[in-house]
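One structure is given below, encoded as structure tokens.
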Amino acid sequence: MTSTASMSRVNLLIRGGYVLTMDAAGDIPGGDVHIRDGVIQAIGINLDAPDAQPVEASGKIVAPGLVDTHWHLWNALLRGMSDGLPSADGPDRSGYFTACAGLGRHFLPDDTYAGTRLAAAEAIDAGITTVHDWAHNVRGREWAEAGLRALAESGLRARFSYGYRAGHPNDRLMDLDDLAEFASRWHAYSTDGRIHLGVAWRGTGGSNPAMRVPRRLYETEIMAARDLGLPVSVHACGPAAAAGQVRTYAECGLLGPDLQLVHLNNASAAEIALAAQARAPVSVSPWTELQIGYGQPVTGELLAAGLTVGLSVDTTMLSGNADMFAIMKAVHACANGQARHEFALRARDVLRLATIDGARSLGLGAVTGSLAVGKRADLIVVSADAPNLGVLTDPARLLVTAASPRDVELVIADGQILKRDGRVTALDVPAVTRAARMALDGVVARAAG
């Protein structure tokens with residue numbers, strides 16, 4: 103699988119922008135960035151690249167592409183349906199997990215494709231160039247391949263974390279034979295290296311005792327992933343009833359730098375210390391954690407412990423959209439509000455979570471997340487022309503507190519233009535949304551029938 107044939111890697115010289123490298127080089131006001139063959143060739147002032155197409159960025163912000171570290175892309179099809187399963191009287195108020203599992207079991211591969219494409223289009227529009235597709239409705243090989251095809255066609259950089267299916271019985275192993283076969287054929291799925299494979303692990307299961315996964319099963323699953331050399335991600339200590347999960351993983355000897363921990367809202371200080379000792383990366387998703395009742399994100403505590411933290415869309419069933427600028431703003435406000443200190447978490451540090459630290463949390467810090475010579479060309483150009491910006495006072499702070507997806511003028515991933523002049527070009531957005539509506543109609547009809 104490769105990206106769409108209509109896209110090719112460009113030779114561009116982005117000129118005169120305020121360059122936020124998020125690297126040791128620091129900021130470069132009035133800077134240029136030359137990209138060619140999918141790679142950042144040079145960064146500086148008054149660069150000479152006569153064979154490159156010039157892009158004027160004066161008065162604009164040039165920054166690394168934003169990085170999502172945990173997102174169930176498939177259920178973008180179910181946006182706004184977190185209140186519960188549909189009924190004649192409206193949602194039955196059974197909640198997100200019931201709706202996700204109840205509708206997810208009626209997904210066909212084409213529905214996974216439609217949902218993933220919808221999420222990918224929104225990611226591009228929002229300036230996100232890397233996504234972690236936490237695919238927890240893999241109902242068989244065809245579903246996984248459908249999600250991968252959508253990612254490949256989008257042009258995004260991604261980790262595809264192969265998971266279980268929505269509603270998977272807690273007393274049965276996920277399909278480890280299929281995972282092994284999938285991994286053995288990975289070269290056929292990611293021919294250009296933009297997408298890498300991981301595993302979405304159930305761990306101990308849900309916080310409800312009836313949803314707990316027996317130890318012999320969850321240990322078998324994670325060891326199978328590690329035997330294949332694959333990075334693993336798990337929801338941990340989100341709701342209060344799930345407190346203690348990190349301690350359990352530590353006692354079982356399962357924590358490590360290859361195990362990403364998602365949420366941690368209700369992890370104890372001792373558990374956070376255990377995660378830090380194991381160098382396990384963390385993903386936080388403030389909007390969904392607040393919406394579903396997990397409590398405040400604990401970003402400040404995680405950073406104080408020395409953990410590598412990235413930001414997460416999680417699911418647009420709960421968050422409503424994939425606005426990474428709003429996610430940054432939420433993390434910023436929550437951290438300072440909890441600490442009762444205006445500068446407990448500075449805006450530039452929040453931007454790091456959405457760029458280089460997010461990339462590091464996915465093991466991609468040497469590839470993307472900052473603007474540096476030799477790294478892949480994943481970047482955005484943000485216009486300051488709209489009235490919500492209008493001035494360029496502190497560009498890093500403006501991206502965190504003032505910018506929105508509508509301000510993202512240019513999106514480049516792996517040297518390919520995905521959005522230009524404020525319009526998504528990598529995908530036919532009207533066709534994507536039409537297909538999503540048709541797919542949802544089918545899912546709801548099958549669920550009702």
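Numbering of the sequence shown is given in this note's numbering, commencing with residue 103 and proceeding in unit increments. Note that the Cβ used here is the ideal one computed from N, Cα and C, for glycine as well.
Listed in chain order, the non-local C-beta contacts of Ala237 below 7 Å within the same chain comprise Trp176, Ala246, Gly249, Phe262, Ser263, Tyr264, Gly265 and Ala302, local neighbours out to five positions each way being set aside. Lys477 and Thr470 have their alpha carbons spaced roughly 6 Å apart. Under the three-state reduction of DSSP, Ala488 is assigned to coil, being neither helix nor strand. Approximately 13 Å separates the beta-carbon atoms of His434 and Val411; this is outside 8 Å, ruling out the contact. Two segments are said to touch when three or more pairs of C-beta atoms, one from each, lie closer than 8 Å; by this definition the region 421 to 435 touches the region 212 to 230.
In this structure the region 485 to 505 does not lie against the region 140 to 156, because fewer than three pairs of beta carbons, one per stretch, are closer than 8 Å. Nearest Cα to Asn272 within the set Tyr320, Glu283, Arg259 and Ser292: Tyr320. Sixteen is the threshold: when 16 or more other Cβ atoms of the shown chains lie within 10 Å of the Cβ of His174, as they do, the residue is buried. Excluding its 5 nearest sequence neighbours in each direction, Ile394 has C-beta neighbours in its own chain below 7 Å: Tyr198 and Leu420, listed in chain order. In this structure Asn310 is exposed. Its beta-carbon is surrounded by fewer than 16 other beta-carbon atoms within 10 angstroms. For Pro166, the three-state secondary structure derived from DSSP is strand. The beta carbon of Glu444 is closer than 8 Å to those of Asn438 in its chain, skipping five residues each way along the sequence. For Val364, the closest of Ser414, Ala151, His136 and Arg259 by C-alpha to C-alpha distance is Ser414. Judged by beta-carbon spacing, Ile137 lies within the 7 Å limit of Leu114, meaning their Cβ atoms are closer than that value.
Annotated as proximal: Ile116 and Ala159, with beta-carbon spacing under 7 Å. Minimum Cα-Cα distance from Thr401 among the listed residues Leu376, Asp530, Ala369 and Asp416 corresponds to Ala369.
For Val475, there is no enclosing beta strand (DSSP E), since its DSSP letter is neither H nor E. When the alpha-carbon of Val475 is set against those of Arg111, Trp389, Tyr120 and Ala126, the nearest one is in Ala126. Around the beta carbon of Arg259, 16 or more other beta carbons sit within 10 angstroms, so the residue counts as buried. Secondary-structure assignment with DSSP links Pro156 through a beta bridge to Leu115.
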